[in-house]
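Enquirer: Residue numbers (our numbering): 32 to 559.
Structure incoming, see below.
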C-alpha cells in the first residue's frame, strides 16, 4: 500500500492516545506544524503577519540554542581527548620506570599501545553516554508532552553540563581518580534524558514553528548551525590549546552548554501542554474508560508509526547519523594526528575546514539545487514533481556521495588528499536533514515530540556502536599497517552504501486529496 500523508482526525482534540498515523477518510493533508486551513478569504502575506514574525523569532532563538550547545562539543571534544591521552601516557611511562612528573612530550604518546587505550576509553565513554541517553529518552519525552518542551529542553542541557563537570573533576585529579571514571559522565542523562531528548525537543519545537514549505530549509539551517558549532569551534579551541593548554578550552565548553540551558527560557513555548492535560482529565471524568490511557497505550500509540514501511526505512537510516558525525569530530582528530604526524590540537583546524565546506553546501549548493530541481529550466529527467520528491532525491544523492567520500578518506596517503575527501563528504552532509524533513510528513502534529524522541533514541543507538566500532577498526588497522589504517573510513563507506539503498526504497506519502480522488473514481467505476 502506498504511503499517505497524515490526515486530520475527528473533530475532537488529539490526545496522547491518538495514533501517530492518522487514517480517517476525509480532510486535506495538513503539513506538519500547519494550523487548520480557514475558509478561503483574502489574507495578508504570511511573511508580514505578526504570527509569522513570532514564529521566525522562535526559530532563530532555537537555532541560537543549537549553536551555543553544539559549540560546547567543539570546545570539549579535542581537549578531552588530549587530557585523556596525557593521563594514559603518564601512566604508561610511569609503569615503564620513566619520571612521569617531569612531563612527557605529546609526540611520545603516539605509540600503538597508548593510542589503542586512548581510543578505547573515549569509545566506551561515548557508548556509555549513548546507552544512558537511550534508556532515559522515552520516559523524559513522554514527560515533555505533559509539562512542556521548553522546561524539559533546559533540564536536558543542565544534565549534560553536570556530566561534563564530572569528567573535569576526574581529569583534574588523575592521581586520585582512575581516568576510566569519566565513563560516569553518562549519569548526567538521568537529569532530563541527555542528548537524544534535547535533540528531539529541539527538532519538535522547530517543526512547530515552521510550515511545510519552509521546513526543509529550516532543517538544513539547523544542520548547518550544528556543524558550525561542532566543527568551527574546534579552531577556537585549538587556538586556546596552543597557548594555554587544554583546560581553559574545556571549561569554556562546559560554560557554553550551561549558557544554552539559560537561553532556552527566552524561547516561547511551542506546545500548550496544559490543554492536553485538561482534555485528558475531562475525558477521564466523563468516561471511566479513559483510564486506559496508560503507559502501555501510549507506547502502542507511539509505535503505530510502524504501519508506514517508508517511515521505518527512514528511521533505520538514523542509525548512520552518529557514525557519520563521529568520523568527522574527535575521532578524526586522533586519526589524522596518528596517520599524518600532526599535534592533536591541530586536528581542530582540519575539522573547521570540513565545517566551512558544510556551511557552503547548506547555504549555497543545496538551496540552489533545491530551487533548480523543481524549476521549469531543469531537464525532464532531472526535474522533480514536488518538494517532497525533491528532498528525497537530494537525500539519496547525498548518501551515495558519502560512499565515495569515505573511500577517499580511507585511502588518502597525505593530509591534502584527506582534505579533498572531507570536501566531498561535506557535499553529502544534507542526507540527515532531508530524511528528518520527510519523516514529519507521516505523523500528526500533536505527536511530533514523540516521533523525534524516537528519532533521537535511534540516533543514540548509532552512537552505541559507532565509537566502539571506529575504535576497533582503528586499532585493527594500526596492527595491519600501511593503507589499512584507513579501515574505519572503509567501514563508513559500507554503512553509507546501506543507507543509500534504504533511501532508494523510500516512497513519499501521497497527498490525502489524491487518495480521495482515487476512491471517488473507483466508486464511479463501480456504479457504472
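Ideal Cβ positions, reconstructed from N, Cα and C, are used throughout, including at glycine.
(1) Distance check for residue 229 and residue 481, CA to CA, integer angstroms please.
(2) Note down, in chain order, each residue of its chain lying with its Cβ closer than 6 angstroms to the Cβ of residue 258, except the 5 sequence neighbours on either side.
(3) Should residue 512 be labelled buried (16 or more other beta-carbon atoms within 10 Å of its own) or exposed?
(4) Which term fits residue 422, buried or exposed, when burial requires 16 or more other beta carbons within 10 angstroms of its beta carbon?
(5) If we count the other Cβ atoms within 10 Å of its Cβ and call it buried at 16 or more, is residue 427 buried or exposed?
(6) According to DSSP, is residue 414 part of a helix, a strand, or is it coil?
(7) Kindly confirm or deny that the region 281 to 297 and the region 88 to 104 touch, where touching means at least three C-beta pairs closer than 8 angstroms.
(8) Under the assumption that residue 150 contacts residue 505 (Cβ atoms under 8 angstroms), give the Cβ distance between them as a whole number of angstroms.
(9) Drop a sphere of 10 angstroms on the beta-carbon of residue 375, count the other beta-carbons inside from all chains shown, and report buried for 16 or more, exposed for fewer.
(10) Do residue 523 and residue 358 have their CB atoms nearer than 8 angstroms?
(11) Closer than 6 angstroms by C-beta to residue 433: which residues in its own chain qualify, once you throw out the five before and the five after it? Chain order, please.
(12) List the DSSP bridge partners of residue 481.
(13) Where do the ends of the alpha helix (DSSP H) carrying residue 278 lie?
(14) What are the boundary residues of the alpha helix (DSSP H) that residue 538 is part of?
(15) Looking at residue 169 and the ligand PLP, is the gap between the Cβ and the nearest heavy atom below 7 angstroms?
(16) According to DSSP, is residue 127 part of a helix, a strand, or is it coil?
(17) Can you find the residues in the same chain that come closer than 7 angstroms, C-beta to C-beta, to residue 316, ignoring five residues on each side of it along the sequence?
(18) Flag this pair as yes or no: are the beta carbons of residue 121 and residue 109 separated by less than 8 angstroms?
(19) Could you tell me the boundaries of the alpha helix (DSSP H) in which residue 366 lies?
(20) Using beta-carbon positions only, say whether residue 461 and residue 425 come within less than 8 angstroms of one another.
(21) Between the region 216 to 233 and the region 187 to 200, are three or more C-beta pairs nearer than 8 angstroms?
(22) May I have the straight-line CA-CA distance separating residue 321 from residue 183, to the nearest angstrom?
(23) Assign residue 206 to one of three DSSP states: helix, strand, or coil.
(24) Using the Cβ count rule (16 or more neighbours within 10 Å means buried), how would you classify residue 275?
(25) With distance defined between alpha-carbon atoms, name the residue in 353, 266, 175 nearest to residue 161.
(26) Helix, strand or coil, according to DSSP, for residue 217 in the structure here?
(27) By DSSP, does residue 405 sit in helix, in strand, or in coil?
(28) Near residue 233, what residues of its chain come up, given a Cβ to Cβ distance below 8 angstroms and the 5 sequence neighbours on each side ignored?
(29) Leaving out the 5 sequence neighbours to the left and right, which residues in its chain are closer than 7 angstroms to residue 196 when beta-carbon positions are compared?
(30) Contact defined as beta carbons within less than 8 angstroms: I believe residue 419 pairs with residue 343. What is the distance between those atoms, to the nearest angstrom?
(31) Taking only the alpha-carbon atoms, compute the straight-line gap between residue 139 and residue 176 and give it to the nearest angstrom.
(32) In the DSSP assignment, the alpha helix (DSSP H) including residue 374 goes from what residue to what residue?
(33) With C-beta atoms as the reference, is residue 465 less than 8 angstroms away from residue 112?
(34) For residue 104, which three-state DSSP category applies?
(35) Assuming residue 176 is part of the alpha helix (DSSP H), what are its boundary residues?
(36) Using DSSP with H/G/I as helix, E/B as strand and the rest coil, what is residue 55?
Expert: So, from the listed chains and residues:
(1) Position 450 of the chain shown, counting from 1, holds the residue named residue 481. Position 198 of the chain shown, counting from 1, holds the residue named residue 229. The straight-line gap from Cα to Cα measures roughly 12 angstroms.
(2) Against the chain shown, residue 258 aligns to sequence position 227. Closer than 6 angstroms at Cβ, skipping near neighbours: 386, 389.
(3) Your numbering for residue 512 matches position 481 in the chain shown. Its Cβ having fewer than 16 others within 10 Å, residue 512 is exposed.
(4) The sequence position of residue 422 within the chain shown is 391, counting from 1. So residue 422 ends up on the buried side.
(5) Locating residue 427 in the chain shown gives position 396, counting from the first residue. Counting Cβ neighbours within 10 Å, residue 427 comes out buried, since at least 16 surround it.
(6) Taking the first residue of the chain shown as position 1, residue 414 is located at position 383. Three-state DSSP puts residue 414 in coil, outside helix and strand.
(7) yes
(8) As a first step, residue 150 is located in the chain shown; it is residue number 119 there, counting from the start. As a first step, residue 505 is located in the chain shown; it is residue number 474 there, counting from the start. The pair is a contact, with the Cβ atoms about 6 angstroms apart (cut-off 8 angstroms).
(9) Taking the chain shown and counting its residues from 1, the one referred to as residue 375 is at position 344. The residue is buried, with at least 16 neighbouring Cβ atoms inside 10 Å.
(10) Residue mapping note: residue 523 aligns to position 492 of the chain shown, counting from 1. Residue mapping note: residue 358 aligns to position 327 of the chain shown, counting from 1. Yes; because the gap between Cβ atoms is below 8 angstroms, this pair is in contact.
(11) On the chain shown, residue 433 is found 402 positions in, with the first residue counted as 1. Contacts found: 459, 527.
(12) Taking the chain shown and counting its residues from 1, the one referred to as residue 481 is at position 450. None, per the DSSP bridge assignment.
(13) To locate residue 278, count along the chain shown from 1; it is residue 247. First-last of the alpha helix (DSSP H) with residue 278: 277 to 294.
(14) For the purposes of this step, residue 538 is identified with residue 507 of the chain shown, where counting begins at 1. Segment: none, residue 538 is in no alpha helix (DSSP H) and carries neither H nor E.
(15) This structure does not include the ligand PLP; it has no bound ligands of any sort.
(16) Looking up residue 127 in the chain shown gives position 96. Reduced to three states, the DSSP call for residue 127 is coil.
(17) Indexing the chain shown from 1 puts residue 316 at position 285. Confidence at residue 316 is low in this model, with a pLDDT of 47, below 50, so the placement of that residue is unreliable and no value is reported for it.
(18) Your numbering for residue 121 matches position 90 in the chain shown. Your numbering for residue 109 matches position 78 in the chain shown. Contact: no.
(19) Along the chain shown, read from residue 1 onward, the residue named residue 366 stands at position 335. Per DSSP, residue 366 belongs to the alpha helix (DSSP H) from 361 to 370.
(20) By 1-based counting over the chain shown, the position of residue 461 is 430. By 1-based counting over the chain shown, the position of residue 425 is 394. Closer than 8 angstroms, so yes.
(21) yes
(22) As a working mapping, residue 321 is identified with position 290 in the chain shown. As a working mapping, residue 183 is identified with position 152 in the chain shown. Its pLDDT being 48, under 50, residue 321 is placed unreliably by the model, and nothing is read from it.
(23) Walking along the chain shown from the start, residue 206 turns up at place 175. Coil at residue 206, not helix or strand.
(24) As a working note, residue 275 is residue 244 in the chain shown. When all chains shown are included, residue 275 counts as exposed.
(25) Here the question's residue 161 lines up with position 130 in the chain shown. Among 353, 266, 175, the Cα nearest to that of residue 161 belongs to 353.
(26) Working through the chain shown from its first residue, we reach residue 217 at position 186. In the structure shown, residue 217 sits in a helix (DSSP, three-state: H, G or I).
(27) To locate residue 405, count along the chain shown from 1; it is residue 374. DSSP places residue 405 in coil when its eight states are reduced to three.
(28) The residue given as residue 233 occupies position 202 in the chain shown. Same-chain partners within the cutoff: 93, 96, 97, 184, 253.
(29) Within the chain shown, the letter at position 165 stands for residue 196. Answer for residue 196: 285, listed in chain order.
(30) As a working mapping, residue 419 is identified with position 388 in the chain shown. As a working mapping, residue 343 is identified with position 312 in the chain shown. No, residue 419 and residue 343 are not in contact; Cβ-Cβ is about 18 angstroms, not under 8 angstroms.
(31) As a working note, residue 139 is residue 108 in the chain shown. As a working note, residue 176 is residue 145 in the chain shown. About 52 angstroms.
(32) Reading the chain shown from its first residue, position 343 is the one you call residue 374. First-last for residue 374: undefined, no H or E at that position.
(33) The residue labelled residue 465 in the question sits at position 434 within the chain shown. The residue labelled residue 112 in the question sits at position 81 within the chain shown. No, they are not a contact pair.
(34) The residue labelled residue 104 in the question sits at position 73 within the chain shown. Looking at residue 104 - three-state DSSP - the assignment turns out to be helix.
(35) Here residue 176 corresponds to residue number 145 of the chain shown, with the count starting at 1. Unbroken alpha helix (DSSP H) run through residue 176: 143 to 178.
(36) Here the question's residue 55 lines up with position 24 in the chain shown. The predicted model places residue 55 with a pLDDT of 37, which falls under 50 and marks its position as unreliable; any figure quoted below should be read in that light. Note: residue 55 maps to coil in three-state DSSP.
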